[in-house]
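Trainee:
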Amino acid sequence: MVTIIAAAAENNALGKDNDLVWHLPDDFKRFKKLTTGHAIIMGRKTFESFPSPLPNRKHIIVTRQKDYNAGENCIVVNDIKTALEMAKEDSQPFIIGGGEIYKLGLPFTEKIELTRVHGTFEADAFFPAIDENEWKLISSELHLKDERHNYAFTYLTYVRKK
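Using the UniProt record's numbering, the first residue of the sequence shown is number 1, and each one after it goes up by one.
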């Protein structure tokens, strides 16, 4: 089951200048819990935003650059279909961004784990709109603003309608 995992604001903002525009420690923990042990598919810019590859995950990087070297234990491909093929042995590969990769991966996705950050932000990368005719919301969990989180957010889980 191909799953998209993302954190996006109410205006679908994902980030600016190849970085997130918020810091949500509980969301990072959830991301780690859900993706550990799985293949993670991402664009080159998302990969380059990490200080180093994330532990215990198979990294598949999609880039148009023909000679891109991501280092050892990383697979580099030139399109989303090849990325998904490289992840086919995983029961739940995750598409982790950025905006363009989410858009390319959405037609192949069966589940979306979305953290909806309550606010609007200036951004240069955006999450694609979720078509309510195609997706069913199956769970929702609100997390209020607190001393560790400057914004309230809601964990939303969608599955593709049959």
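Note that beta-carbon positions come from the ideal geometry of N, C-alpha and C, so glycine has one too.
Taking the continuous beta strand (DSSP E) assigned at K103, which residues delimit it?
Mentor: Counting along the chain, K103 falls outside any beta strand (DSSP E), though it belongs to the alpha helix (DSSP H) covering G99 to G105.
Trainee: If I follow the unbroken alpha helix (DSSP H) through L137, where does it start and stop?
Mentor: Per DSSP, L137 belongs to no alpha helix (DSSP H); it is in the beta strand (DSSP E), W135 to H143.
Trainee: Give the straight-line distance between the Cα atoms of I138 and K111, rounded to the nearest whole angstrom.
Mentor: Roughly 10 Å between the two C-alpha positions.
Trainee: Would the region 64 to 84 count as touching the region 15 to 26 if we require 3 or more Cβ pairs under 8 Å?
Mentor: Too few Cβ pairs lie closer than 8 Å, so no.
Trainee: What does DSSP give as the partner residue(s) for L114 in the beta ladder?
Mentor: DSSP, once it has assigned bridges, lists A6 and L156 as partnering L114.
Trainee: Do we get a CB-CB distance below 8 Å when we pair F47 with the residues of chain C?
Mentor: Structure shown: chain C not included; a single protein chain is present.
Trainee: Taking the CB atoms as reference points, tell me whether F127 and A6 lie closer together than 8 Å.
Mentor: Yes; because the gap between Cβ atoms is below 8 Å, this pair is in contact.
Trainee: Just reading off the beta strand (DSSP E) that M42 is part of, what are its end residues?
Mentor: Element bounds for M42: A39 to G43.
Trainee: When you compare only the Cα positions, how much space is there between A152 and K16?
Mentor: Looking at the two C-alpha atoms, the distance is approximately 20 Å.
Trainee: By DSSP, does A123 sit in helix, in strand, or in coil?
Mentor: Of the three classes helix, strand and coil, the one that applies to A123 here is coil, per DSSP.
Trainee: From which residue to which residue does the alpha helix (DSSP H) around A13 run?
Mentor: That residue, A13, is in no alpha helix (DSSP H); its beta strand (DSSP E) goes A13 to G15.
Trainee: Do you know how far the Cα of L14 is from the Cα of E113?
Mentor: Going from the Cα of E113 to the Cα of L14 covers about 14 Å.
Trainee: Please name the residue or residues paired with H23 in a DSSP beta bridge.
Mentor: Its beta-bridge partners do not exist; DSSP assigns none.
Trainee: Quick one: what does DSSP say E94 is sitting in, helix, strand or coil?
Mentor: Here the sequence assigns Phe to residue 94, which means Glu is not the residue at that position. If DSSP states are grouped into helix, strand and coil, F94 belongs with the strands.
Trainee: Going by alpha carbons, who is nearest to K136 out of T36, K88 and V159?
Mentor: Looking at the Cα atoms, V159 is the closest of the given residues.
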